[in-house]
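Its first residue numbered 42, the sequence shown is counted upward by one per residue in this note's numbering.
Cβ coordinates follow ideal geometry from the N, Cα and C atoms, glycine included.
Report on the structure given below.
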Amino acid sequence: MNEDVFSNASLEELKKGYKEETDAFVCLLCGEVIEKGIIYPYQEMLYEAERYMKLHIERNHQSVFAYLIGLDKKITGLTEHQSNLLGLFYQGKSDVEVQKELEIGSASTIRHHRFVLKEKERQAKTFLALMELLKEKDNHAPSFIPVHKTAKMVDDRYNITEEEQEKTVRKYFEDQQEARLKKFPLKEKQRLIILREIIKHIDNDKTYSEKALNDILKPIYEDYVLIRRLLIEYGFIDRKDDGSEYWVKK
42 MNEDVFSNAS LEELKKGYKE ETDAFVCLLC GEVIEKGIIY PYQEMLYEAE RYMKLHIERN
102 HQSVFAYLIG LDKKITGLTE HQSNLLGLFY QGKSDVEVQK ELEIGSASTI RHHRFVLKEK
162 ERQAKTFLAL MELLKEKDNH APSFIPVHKT AKMVDDRYNI TEEEQEKTVR KYFEDQQEAR
222 LKKFPLKEKQ RLIILREIIK HIDNDKTYSE KALNDILKPI YEDYVLIRRL LIEYGFIDRK
282 DDGSEYWVKK
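If you want it as structure tokens, here you go:
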């Protein structure tokens, strides 16, 4: 999944969950590409590309809302409580029903939470307008690398510019095309950059056994166990508790 595509998508594209390109529709949630000009069969029905993309989102992500609300709070800016409230509101529950389900306060308490969320929306719109206006004047702003959506904890390690990334990749990779490392850095920001490159060589549509994943990582770096552990710690990869299956987090 290209994090740049997700981060640079417009509000309307985020709401739909996909982006239209010249020859295809691209899912912003997982990177799936549905080519235009092809008729796609599913359960004895035929779908044009855009309708099939909508079906893909329903089948694989439940809904755009469900996917976005499940992102880390560092990305959504929401507390767990606010996420729970939005989820219940999205289900169409009344204030009384929400109050009973969460067992908090009264219906008027829920109305207050609705007001707070509306204020958050107003502030977000104002901030977006300010940032758009700033882009027109700020000629010195560096280009930052987007934080991957499955990051477990977003902090200063993720303050990475495109220039820093390019410099680090050139420094540590013997062969960037094949992702062979000369050595593995000690600084966490540089480690994050390296892991971002390594994950590109792992198919995000496959489930791997530990051996199969190791076979991919061994040619990259001799201490492939360290790489595997850090890919999990940084939220790039998930696994079953018994370590029998590994997959790229989306």
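Pairwise C-alpha distance: residue j and residue i
i: Gly284; j: Asp256; result: 15 Å
i: Leu258; j: Ser184; result: 30 Å
i: Lys290; j: Glu238; result: 15 Å
i: Ala90; j: Tyr81; result: 7 Å
i: Glu73; j: Phe66; result: 8 Å
i: Glu293; j: Leu69; result: In this structure the chain extends from 42 to 291, so residue 293 is not present and cannot be described.
i: Tyr131; j: Glu61; result: 26 Å
i: Lys230; j: Arg100; result: 36 Å
i: Lys212; j: Ile261; result: 15 Å
i: Ser147; j: Val137; result: 7 Å
i: Gln103; j: Asp279; result: 20 Å
i: Val157; j: Ser149; result: 13 Å
i: Phe214; j: Cys71; result: 27 Å
i: Leu87; j: Ser135; result: 38 Å
i: Ile145; j: Ala170; result: 35 Å
i: Ile201; j: Asn180; result: 18 Å
i: Phe168; j: Tyr249; result: 42 Å
i: Ile268; j: His242; result: 13 Å
i: Lys159; j: Gly133; result: 17 Å
i: Leu175; j: Asp197; result: 23 Å
i: Asn172; j: Glu85; result: Residue identity check: residue 172 is Met in the sequence provided, not Asn. Their Cα atoms are separated by approximately 47 Å.
For residue i, the nearest candidate out of the options (CA to CA)
i: Asn245; options: Ser51, Thr63 and Tyr287; result: Tyr287
i: Lys228; options: Leu271, Tyr265 and Lys141; result: Leu271
i: Val210; options: Lys166, Arg232, Leu119 and His153; result: Arg232
i: Lys5; options: Tyr262, Leu127 and Lys77; result: There is simply no residue 5 to check, as the chain begins at 42 and stops at 291 in what is shown.
i: Ile116; options: Ile243, Arg269, Gln84 and Phe47; result: Phe47
i: Glu204; options: Arg221, Ile75, Ala220 and Ile186; result: Ile186
i: Leu236; options: Val157, Glu177, Glu76 and Gln206; result: Gln206
i: Leu52; options: Tyr83, Ile79 and Val105; result: Val105
i: Asp282; options: Phe225, Glu251, Lys134 and Leu158; result: Glu251
i: Ile32; options: Ile273, Arg155, Tyr88 and Ile75; result: Residue 32 is absent from the structure shown; the chain starts at 42 and stops at 291.
i: Val266; options: Lys247, Phe225, Ile145 and Ile234; result: Phe225
i: Lys56; options: Tyr108, Leu174 and Ile79; result: Tyr108
i: Asp264; options: Lys166, Lys223, His242 and Lys247; result: Lys223
i: Tyr199; options: Ile234, Glu173, Ala170 and Leu175; result: Ile234
Exposure of residue i, with buried meaning 16 or more beta-carbon neighbours within 10 Å
i: Ala253; result: exposed
i: Met42; result: Reliability of the predicted coordinates at Met42 is poor, the pLDDT of 48 falling under 50, and the value obtained from them is presented with this limitation in mind. Result: buried.
i: Arg221; result: exposed
i: Tyr83; result: exposed
i: His153; result: exposed
Whole-angstrom C-beta distance between residue j and residue i, which should lie under 8 Å
i: Ala50; j: Asp113; result: Rounded, the Cβ-Cβ distance is 18 Å, inconsistent with contact.
i: Gln164; j: Ile151; result: Rounded, the Cβ-Cβ distance is 20 Å, inconsistent with contact.
i: His189; j: Gly276; result: 7 Å
i: Glu76; j: Asp64; result: 6 Å
query: Taking three-plus beta-carbon pairs below 8 Å as touching, is the stretch 82-96 in contact with the stretch 120-132?
result: no
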